[in-house]
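Single-structure report; data block below.
There are 2 protein chains.
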Amino acid sequence: MLTLRQMRYFEALASARHFGKAAELVHVSQPALSAQIMEMESHLGVKLVERSRSGVLLTRKGEEVLARTRAILVEVDQLEQSARASSGTLEGRIRIGVIPTLAPYLVPRLVPHLRRVYPAIEIELKESVTSRLVADLGDGVLDAVIAALPLDTDGLATKPLFSDRFYMAMADNERTILMSPLTEDQVDVEQLLLLEEGHCLRDQALAVCSTAGKRRLVSFGATSMTTLLQMVANGMGMTLIPEIAISTEAARNAIRIVPFAAPEPAREIGLVWRRSSPRERDMDALATAISDCADDIIRAAAA
Amino acid sequence: MLTLRQMRYFEALASARHFGKAAELVHVSQPALSAQIMEMESHLGVKLVERSRSGVLLTRKGEEVLARTRAILVEVDQLEQSARASSGTLEGRIRIGVIPTLAPYLVPRLVPHLRRVYPAIEIELKESVTSRLVADLGDGVLDAVIAALPLDTDGLATKPLFSDRFYMAMADNERTILMSPLTEDQVDVEQLLLLEEGHCLRDQALAVCSTAGKRRLVSFGATSMTTLLQMVANGMGMTLIPEIAISTEAARNAIRIVPFAAPEPAREIGLVWRRSSPRERDMDALATAISDCADDIIRAAAA
DNA sequence: TGCATTAATCTGAAAATTCGATAGGATTTT
DNA sequence: AAAATCCTATCGAATTTTCAGATTAATGCA
């Protein structure tokens with residue numbers, strides 16, 4: 006089997022044109038170098054050097070092998086260098102999954118922010134429901150997921166990012182009179198509009214409501230918050246809206262936002278990654294960036 | 006120290022995405038592969054793979070190292086292949102030195118002949134005096150030398166090629182009457198024209214002549230046979246001409262060629278190479294080719 | 001909870017590599 | 001000629017590396 010050691014010794018021999026001096030170059034004894042050269046020659050089935058009194062001469066094959074050897078050694082060197090060059094924080098590609106009830110509000114702020122702070126970043130985004138994202142994370146298709154906690158962390162690490170309070174959204178001209186702030190038992194399940202199955206917000210909305218009367222809930226699944234809120238604006242019912250969505254959605258739908266009484270229901274948004282991933286530092290940096298962005302968005306809505 | 010073994014195992018691991026299967030691929034046990042991968046990671050200071058329950062995932066660095074590793078392994082493979090590809094007889098470059106009193110007559114025939122019989126040959130020629138050629142041979146600048154034997158073979162191997170008889174060349178209108186065939190004691194050293202110092206033919210000419218009267222020899226060195234024979238044709242004296250030069254030189258100079266009586270003086274032309282050179286077969290083939298060409302040339306002159 | 005899978009760890013043995021000493025070959029010096 | 005010198009190959013012992021097999025630890029699955 007050809008080895009890099011043989012090639013390194015051979016390169017030294019070709020440079021020094023002398024076994025003893027070559028051995029010094031690579032810091033071994035002359036017999037050690039001699040043996041490796043012989044091993045290399047016997048493995049290749051070719052005489053690489055002519056041993057004569059007036060030093061060492063390379064054969065034709067030796068010259069050819071030397072050229073290839075030097076090229077290989079240079080590439081090995083480059084491999085070592087590039088591997089050791091510790092890539093800084095958030096450099097290169099990072100593939101992030103985001104849940105649909107968060108992505109439209111967070112991503113337009115987050116991506117420019119990341120690009121500004123980490124110019125070498127290459128972001129790939131995927132929007133899907135939590136279960137799909139977690140599966141992709143496990144398969145190595147994604148590096149990180151932004152989703153609602155808690156979740157079934159099996160081999161996954163998570164870090165809380167921010168708390169996203171729920172509000173009730175209803176049509177601006179809604180006749181129903183509600184106390185403000187709202188208490189959970191005032192929510193009429195029959196009027197509650199929900200996202201389709203699979204969205205965590207659907208489950209969270211149901212959790213907020215009193216368990217009574219769930220049988221009668223409107224089995225009408227919207228596919229996005231925007232669709233849902235258009236339905237709300239058209240008087241078809243009401244829905245839970247996370248705080249982060251308010252500034253965007255209130256601007257384009259004629260809706261009224263009603264807060265809940267304390268303790269206000271909320272979803273906890275977190276960052277998720279494979280526990281086996283070595284990108285701890287990237288995850289820290291990403292988490293900070295997301296928290297900052299979310300705070301900005303929510304503060305903007307409050308103002 | 007990074008090794009090819011590590012790189013081969015890593016390549017297998019990246020392909021199989023499974024330690025056990027990768028170990029099978031490279032025909033070692035799983036702990037052996039595991040250890041090499043860990044060694045590689047620790048040497049590079051980088052995590053190359055994520056070990057998770059659902060198989061093995063490459064990190065970003067791992068992907069990069071894999072790409073470089075594959076490139077290197079391919080090149081190593083090519084090195085082995087090309088080294089093992091036993092180059093046939095007289096393929097590739099061969100650097101040949103020829104003495105000046107032979108080159109102008111032999112080379113124009115020899116080179117086309119070699120090119121015809123060995124299409125893959127790349128010939129480099131150098132014309133110089135024997136001492137220079139032998140020095141270049143020792144330095145590895147030349148692979149073979151065609152010169153007059155015997156010579157001081159120090160670390161050199163030689164093979165006789167052909168015998169090149171001497172004739173006396175004189176002006177066509179020379180008044181001097183000589184017996185034909187000539188005997189050596191008839192040669193008048195005062196009339197003998199010689200090549201400059203260093204040419205073996207000069208020494209051979211002197212050896213042919215009776216040692217008497219060497220004090221009076223014309224110390225007039227020509228630099229080539231052609232020059233010398235032009236001087237002869239102009240009546241400035243006479244000189245020894247080797248048989249191989251006759252057909253060419255007689256055609257362009259008004260000279261008379263007189264043979265010697267037996268035992269005819271001659272020079273022995275031989276092929277010389279470093280004894281340490283592994284190109285024995287090439288030398289055999291070259292010797293045969295030269296002998297054939299020389300015979301052709303001399304036979305053409307006789308006809 | 002036990003069972004299966006997977007990679008890491010441990011252990012002892014085999015193989016490769018090393019060094020130092022020395023031999024063999026040739027050249028150069030004395 | 002003999003001695004000294006230079007250079008590579010060879011030998012033997014010590015060290016390091018690599019290995020297989022058994023086992024362990026961690027995780028996932030039923």
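Going line by line, the protein sequences match chains A and B. When you line the first sequence up against my numbering, it's residues 6 to 308, in that order. When you line the second sequence up against my numbering, it's residues 6 to 308, in that order. Note that CB positions come from ideal geometry on N, CA and C, so glycine has one too. In this text the structure is predicted, and so the values were computed from the model without any measurement.
Straight-line gap, residue i to residue j (C-alpha atoms, nearest Å)
i	j	result
Ile262 (chain A)	Val146 (chain A)	38 Å
Ser136 (chain A)	Pro105 (chain A)	12 Å
Glu16 (chain B)	Gly226 (chain A)	48 Å
Leu9 (chain A)	Leu9 (chain B)	6 Å
Glu202 (chain A)	Arg284 (chain A)	33 Å
Ser228 (chain B)	Met236 (chain B)	Per the sequence presented here, residue 228 (chain B) reads as Thr, with Ser not at that position. One C-alpha to the other measures close to 12 Å.
His48 (chain B)	Val61 (chain A)	34 Å
Cys205 (chain B)	Asp148 (chain B)	21 Å
Ile99 (chain B)	Ser282 (chain B)	12 Å
Glu254 (chain A)	Lys164 (chain A)	27 Å
Val31 (chain B)	Val79 (chain B)	16 Å
Ala294 (chain B)	Leu119 (chain B)	7 Å
Ile260 (chain B)	Leu234 (chain B)	8 Å
Ala238 (chain B)	Ile251 (chain B)	14 Å
Ile302 (chain B)	Pro109 (chain B)	12 Å
Glu128 (chain B)	Gly97 (chain B)	Note on identity: in this sequence residue 128 (chain B) is Ile, with Glu being the wrong assignment. Approximately 8 Å between the Cα atoms of the pair.
Asp177 (chain B)	Leu198 (chain B)	16 Å
Ala212 (chain B)	Ser92 (chain B)	44 Å
Ala140 (chain A)	Val277 (chain A)	12 Å
Arg207 (chain A)	Ala256 (chain A)	23 Å
Leu38 (chain B)	His23 (chain B)	11 Å
Interface flag, residue i vs chain A, CB-CB below 7 Å
i	result
Gly102 (chain B)	no
Thr94 (chain B)	no
Leu84 (chain B)	yes
Val70 (chain B)	yes
Thr232 (chain B)	no
Pro46 (chain B)	Checking the sequence shown, residue 46 (chain B) turns out to be Glu, not Pro. No, its Cβ sits nowhere closer than 7 Å to a Cβ of chain A.
Leu9 (chain B)	yes
Leu49 (chain B)	yes
Glu201 (chain B)	no
Ile77 (chain B)	yes
Arg309 (chain B)	Summary: the structure shown does not reach residue 309 (chain B), with chain B confined to residues 6 through 308, and so no result is reported for it.
Gly97 (chain B)	yes
Leu276 (chain B)	no
Residue i at chain B interface by Cβ criterion, 7 Å
i	result
Lys52 (chain A)	yes
Ile128 (chain A)	no
Ala294 (chain A)	no
Ile309 (chain A)	Beyond the ends of chain A as shown, which are 6 and 308, falls residue 309 (chain A); an answer cannot be given.
Pro283 (chain A)	yes
Ser133 (chain A)	no
Thr163 (chain A)	no
Gly67 (chain A)	no
Glu273 (chain A)	no
Gly226 (chain A)	no
Ser229 (chain A)	no
Under 7 Å between C-beta atoms of residue i and residue j
i	j	result
Cys298 (chain A)	Arg114 (chain A)	yes
Arg273 (chain B)	Leu154 (chain B)	In the sequence as displayed, the identity of residue 273 (chain B) is Glu instead of Arg. Yes. Within cutoff.
Met288 (chain A)	Met243 (chain A)	no
Ala292 (chain A)	Leu111 (chain A)	no
Ala290 (chain B)	Leu161 (chain B)	no
Ser19 (chain B)	Leu71 (chain B)	Residue identity check: residue 19 (chain B) is Ala in the sequence provided, not Ser. Yes; because the gap between Cβ atoms is below 7 Å, this pair is in contact.
Pro247 (chain B)	Asp169 (chain B)	yes
Gly25 (chain A)	Gln11 (chain A)	no
Val54 (chain A)	Lys66 (chain A)	no
Phe171 (chain B)	Pro264 (chain B)	no
Leu130 (chain A)	Ile101 (chain A)	yes
Glu85 (chain B)	Val103 (chain B)	no
Ile42 (chain B)	Ile77 (chain A)	no
Ala210 (chain B)	Leu156 (chain B)	no
What residue ranges within the region 27-95 of chain B form continuous alpha helix (DSSP H) runs of no fewer than 4 residues, ordered along the chain?
35-49, 65-89
At what residue ranges does the region 227-303 of chain B contain a whole run of the alpha helix (DSSP H), taking only runs of 4 or more?
230-238, 248-257
Ignoring anything shorter than 3 residues or poking outside the region 154-213 of chain A, list the beta strand (DSSP E) runs there in chain order.
161-176
Note down, in chain order, all residues in the region 16-41 of chain A with a beta-carbon under 9 Å from any beta-carbon belonging to chain B.
none
Contact residues within the region 238-270 of chain B, judged by C-beta distance below 8 Å to chain A
none
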